[in-house]
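Single-structure report; data block below.
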C-alpha cells in the first residue's frame with residue numbers, strides 16, 4: 001500500500017525494510033510492470049536477490065547483506081557462542097561472494113564482521129549486537145542520503161536539466177537515493193529542475209527504475225537511449241550530470257555503471273559539470289585502481305532484453321562489463337554526506353578521511 | 357535460397373533486387389529471426405517499406421526509391437507522355453517524403469527526375485529511360501561499394517579490431533556494404549581483422565543486422581551495448597572505428613546514426629582513427645549543416661524494444677533523434693569510391709568535387 005499509493009514526495013519510498021525476523025524488499029527486476037514486494041527470513045534468498053539484481057545499487061546491497069547476517073543472528077538455533085559466531089561468519093562470507101565491484105558491500109560486511117568478532121557473555125548479547133549494527137547501517141543509509149541531498153541540491157539551479165545514468169535512487173538505497181536524492185531535494189526546495197534519464201542497457205535501470213521513481217514524484221523526466229548522450233549535450237540540452245558510484249578510489253577514480261565514463265568524457269567536452277553522489281562508505285582508501293575487479297555478467301543480458309527475447313544471434317560473442325572507470329580529471333566534484341569533494345580530488349579525499 | 361545457403365563470402369548477399377516488374381527486398385526488421393523476402397510491384401508499398409525501415413541504410417533507400425519510380429515506368433497504363441510524366445513525378449514526390457535525413461534518397465530521385473524531365477518521342481522511350489537510370493543507380497551502388505572497400509581496406513592492418521556502429525553493410529546498400537564492405541575486403545585479402553559491433557538502440561541494427569552479416573561471413577564479431585564504447589576504448593580493445601554516413605556536408609560534418617558522435621568523441625580522446633565510409637552520392641555540397649533536419653522518430657521506438665514490449669512507463673516523454681552530427685575535426689578520413697578524403701577535410705572535399 002505504502003508503495004502504490006504515495007501521495008507526496010515527502011512520503012518515503014523504502015526499497016528494503018527490516019521486519020524483526022524477515023527482510024522485505026521491492027523486486028526491482030519487476031519494476032515498472034509490477035510492484036512486487038518479497039519477504040524472506042532466509043539469508044541465502046537475499047544473497048540470490050543481490051546476484052539476480054532484485055536488490056541492486058551499491059548502498060542497497062550493502063544494507064541488504066548486513067540484514068541477511070542479522071537474520072542469522074535472530075533465527076539461528078545455535079546454542080554456543082562459538083557455533084553462533086561460526087554461522088554468522090559463514091553468512092558474511094556467502095554475502096561477500098554475491099557481487100565483486102561495489103565497495104559498500106564489503107564496508108557493511110566488515111562492520112558486521114567486526115561486531116561478530118567482539119567479546120560476548122551470551123549468544124543473546126551477540127545476537128543483539130549484530131542486529132543493532134545491521135540496523136545502524138540501515139538507518140545511517142537513510143540519514144546519509146538526506147545529508148548528501150541537502151549538500152548536493154545547492155549545486156542545482158532553478159531551470160537546470162540534469163542528466164543521470166542508471167538508477168541511483170530510492171531503489172538503489174534504502175530510501176531517497178544518492179543522485180536522485182540530490183535531484184529530489186532540489187525539487188522539494190522549489191527549484192524547477194528537469195531530468196534526462198539514459199535507459200542504461202543491458203538491464204535498463206534508467207528506463208525502468210529512474211523513470212518510475214521520478215514520475216511517481218512528479219519530477220519532469222525525458223528518457224533517451226544511451227547513445228543519445230552526445231546528441232543532447234551537443235544541442236545544449238544538459239546543464240549538469242549527476243550519477244552515483246559503486247566505488248571511489250583515490251586520487252578520485254569513480255567506478256560506476258557501464259556507460260558512466262562515456263558520459264563523463266562528453267560532459268568534459270561540452271563543459272557540463274559532472275557530479276558524483278556517493279556516501280563516504282563508497283570511498284575505498286585501501287585498494288588500487290588497477291586491482292579493481294570489473295564484474296563481467298552473463299552474456300545473455302546483452303543478447304536478450306531482460307531475458308524476454310533475443311535481439312541478436314544467440315551464439316554471438318559479447319562483452320558484458322557491469323562497470324567502467326571514470327578518471328579523476330573528468331569529475332567536477334563528489335557529493336558526500338560529509339561535504340563536497342572538489343578538485344584536486346586527491347587532496348580533498350584525504351582531508352575528508354581525517355574528518356569525523 | 358541464395359539468402360540462406362551462402363557458401364562463401366564472395367557469393368554476394370543482395371538486399372534489393374529488380375525483377376523486371378517487381379522489386380524484391382529483404383525485410384531487415386525481421387533479421388536475424390527470419391529471413392523474409394518481400395516482393396511488390398507497388399511503389400507505395402516500397403515507400404512504406406522505407407518509412408517502417410524494412411529497407412534502411414542511406415544507399416539502400418536511394419536505390420529503392422529509384423526502383424519504385426521505375427515500377428511506375430513499367431506498369432503505368434498512361435497513354436500520353438504528359439500523363440506518364442505526371443505519374444512518374446508524383447511518385448518521385450511521394451518517395452522524397454519517406455525519410456528526411458539521408459541525402460542519397462534525394463540524390464537518386466534527382467537523377468531519375470532529371471531523366472523524366474527530358475524530351476521523348478514516345479511513352480516507351482520515356483519508360484525505358486527511367487528504368488535504365490534506376491538500374492544504373494542500382495548497379496553503381498554495387499560498383500561503388502566494391503571500390504570503397506578496395507580503397508578503405510588498405511587502412512586496416514592484420515590483427516586490427518574495428519569498432520562499427522549501426523549497420524553499414526549489405527543490408528544498408530544493394531550489396532557488400534560501405535563500412536562492412538571495407539571490413540569484408542580486408543578479411544577477403546587475408547587480414548585477420550575482428551569487429552566490435554554496437555547494438556545501436558533503439559532499432560538494434562548492430563545487434564540484429566551487423567552481427568548477422570558478419571557471422572554469415574565468418575568474420576569474428578563481439579557485440580556490445582552502446583554505453584560500452586568508452587570502456588572498450590579505455591581498455592585498448594579498439595584499433596580503428598569505421599562507420600557509414602547518411603549525409604556528409606562540407607567542411608566535413610558527418611550526419612549518421614544516433615550514437616556516431618559519441619563514438620567519435622571517444623575515439624578522439626583515445627587516439628583511435630575514426631573513418632567514415634561514404635560514397636560520393638552521400639556528400640551534399642548544397643546544404644548548410646544548420647539546415648539539416650534530424651529526423652525525430654516515433655517515441656515508442658525508445659519506450660519499447662522493437663514494439664515487442666515496453667521497457668518503461670508507456671507515458672514517459674522521450675527524445676528519439678535518428679541521427680547526430682560529427683564535426684570535421686573528429687573525422688580522420690572519409691573513404692569514398694573516388695579516393696580518401698583526408699584532413700583538412702574541407703579542401704579534400706572540394707578537390708573531390710572537381711574530380712571526374
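Residue numbers (my numbering), protein chains in the order written: chain A, 1 to 356; chain B, 357 to 712.
The beta-carbon is built from N, C-alpha and C at its ideal position, and this holds for glycine as well.
Between residue i and residue j, what straight-line distance do the alpha-carbon atoms span, to the nearest angstrom?
{"i": "residue 361 of chain B", "j": "residue 540 of chain B", "result": "Because the pLDDT of residue 361 of chain B is 36, which lies under 50, any placement of that residue in the model is unreliable, and the number read from its coordinates should be weighed accordingly. Taking the straight line joining both Cα atoms gives about 18 Å."}
{"i": "residue 300 of chain A", "j": "residue 307 of chain A", "result": "7 Å"}
{"i": "residue 688 of chain B", "j": "residue 623 of chain B", "result": "10 Å"}
{"i": "residue 345 of chain A", "j": "residue 329 of chain A", "result": "8 Å"}
{"i": "residue 317 of chain A", "j": "residue 498 of chain B", "result": "30 Å"}
{"i": "residue 416 of chain B", "j": "residue 15 of chain A", "result": "49 Å"}
{"i": "residue 253 of chain A", "j": "residue 164 of chain A", "result": "18 Å"}
{"i": "residue 567 of chain B", "j": "residue 309 of chain A", "result": "16 Å"}
{"i": "residue 293 of chain A", "j": "residue 583 of chain B", "result": "19 Å"}
{"i": "residue 637 of chain B", "j": "residue 460 of chain B", "result": "6 Å"}
{"i": "residue 349 of chain A", "j": "residue 18 of chain A", "result": "33 Å"}
{"i": "residue 594 of chain B", "j": "residue 628 of chain B", "result": "7 Å"}
{"i": "residue 54 of chain A", "j": "residue 285 of chain A", "result": "29 Å"}
{"i": "residue 448 of chain B", "j": "residue 492 of chain B", "result": "17 Å"}
{"i": "residue 378 of chain B", "j": "residue 407 of chain B", "result": "19 Å"}
{"i": "residue 393 of chain B", "j": "residue 405 of chain B", "result": "12 Å"}
{"i": "residue 172 of chain A", "j": "residue 56 of chain A", "result": "6 Å"}
{"i": "residue 632 of chain B", "j": "residue 139 of chain A", "result": "54 Å"}
{"i": "residue 356 of chain A", "j": "residue 186 of chain A", "result": "26 Å"}
{"i": "residue 313 of chain A", "j": "residue 576 of chain B", "result": "13 Å"}
{"i": "residue 635 of chain B", "j": "residue 414 of chain B", "result": "10 Å"}
{"i": "residue 643 of chain B", "j": "residue 603 of chain B", "result": "10 Å"}
{"i": "residue 626 of chain B", "j": "residue 259 of chain A", "result": "16 Å"}
{"i": "residue 40 of chain A", "j": "residue 225 of chain A", "result": "35 Å"}
{"i": "residue 170 of chain A", "j": "residue 144 of chain A", "result": "13 Å"}
{"i": "residue 205 of chain A", "j": "residue 199 of chain A", "result": "7 Å"}
{"i": "residue 341 of chain A", "j": "residue 601 of chain B", "result": "42 Å"}
If residue i and residue j are in contact, beta carbons under 8 Å, what's the gap, nearest whole angstrom?
{"i": "residue 530 of chain B", "j": "residue 419 of chain B", "result": "6 Å"}
{"i": "residue 551 of chain B", "j": "residue 570 of chain B", "result": "6 Å"}
On the DSSP bridge list, what partners appear for residue i?
{"i": "residue 221 of chain A", "result": "A/195"}
{"i": "residue 652 of chain B", "result": "B/677"}
{"i": "residue 710 of chain B", "result": "Answer is none; residue 710 of chain B lacks a bridge partner."}
{"i": "residue 596 of chain B", "result": "B/518"}
{"i": "residue 682 of chain B", "result": "B/610"}
{"i": "residue 305 of chain A", "result": "A/309"}
{"i": "residue 232 of chain A", "result": "Bridge partners of residue 232 of chain A: none, in fact."}
{"i": "residue 380 of chain B", "result": "B/373, B/395"}
{"i": "residue 603 of chain B", "result": "B/611"}
Quick check on the DSSP output: the beta strand (DSSP E) that includes residue i runs from which residue to which?
{"i": "residue 339 of chain A", "result": "339-342"}
{"i": "residue 396 of chain B", "result": "393-396"}
{"i": "residue 285 of chain A", "result": "Here residue 285 of chain A belongs to no beta strand (DSSP E), and DSSP marks it neither H nor E."}
{"i": "residue 31 of chain A", "result": "Counting along the chain, residue 31 of chain A falls outside any beta strand (DSSP E), and DSSP gives it neither H nor E."}
{"i": "residue 632 of chain B", "result": "630-633"}
{"i": "residue 691 of chain B", "result": "689-692"}
{"i": "residue 174 of chain A", "result": "Counting along the chain, residue 174 of chain A falls outside any beta strand (DSSP E), and DSSP gives it neither H nor E."}
{"i": "residue 75 of chain A", "result": "It is not in any beta strand (DSSP E) - residue 75 of chain A instead sits in the alpha helix (DSSP H) that spans 58-75."}
Where does the unbroken alpha helix (DSSP H) through residue i begin, and where does it stop?
{"i": "residue 460 of chain B", "result": "459-472"}
{"i": "residue 499 of chain B", "result": "479-509"}
{"i": "residue 50 of chain A", "result": "43-51"}
{"i": "residue 448 of chain B", "result": "437-452"}
{"i": "residue 672 of chain B", "result": "No alpha helix (DSSP H) contains residue 672 of chain B, which DSSP labels as neither H nor E."}
Going by C-alpha distance, which of the options is nearest residue i?
{"i": "residue 156 of chain A", "options": "A/137, A/188, A/126, A/193", "result": "A/193"}
{"i": "residue 538 of chain B", "options": "B/516, B/555, B/557", "result": "B/516"}
{"i": "residue 352 of chain A", "options": "A/251, A/257, A/118", "result": "A/251"}
{"i": "residue 445 of chain B", "options": "B/457, B/460, B/431, B/466", "result": "B/466"}
{"i": "residue 659 of chain B", "options": "B/591, B/559, B/573, B/635", "result": "B/559"}
{"i": "residue 587 of chain B", "options": "A/78, A/320, A/116, A/276", "result": "A/320"}
{"i": "residue 545 of chain B", "options": "B/563, B/651, B/667, B/507", "result": "B/507"}
{"i": "residue 509 of chain B", "options": "B/534, B/552, B/621, B/422", "result": "B/534"}
{"i": "residue 432 of chain B", "options": "B/459, B/460, B/399", "result": "B/399"}
{"i": "residue 167 of chain A", "options": "A/339, A/66, A/32", "result": "A/32"}
{"i": "residue 612 of chain B", "options": "B/380, B/468, B/680", "result": "B/680"}
{"i": "residue 234 of chain A", "options": "B/645, B/617, B/591", "result": "B/617"}
{"i": "residue 645 of chain B", "options": "B/457, B/693, B/478, B/580", "result": "B/457"}
{"i": "residue 694 of chain B", "options": "B/397, B/639, B/647, B/402", "result": "B/639"}
{"i": "residue 692 of chain B", "options": "B/503, B/443, B/425", "result": "B/503"}
Determine whether the Cβ of residue i lies closer than 8 Å to any Cβ atom of chain C.
{"i": "residue 240 of chain A", "result": "In the structure shown, chain C cannot be found, because the protein chains are A and B."}
For residue i, is the beta carbon positioned less than 7 Å from some heavy atom of the ligand NAD?
{"i": "residue 193 of chain A", "result": "Although the ligand NAD was asked about, the structure shown includes no ligands whatsoever."}
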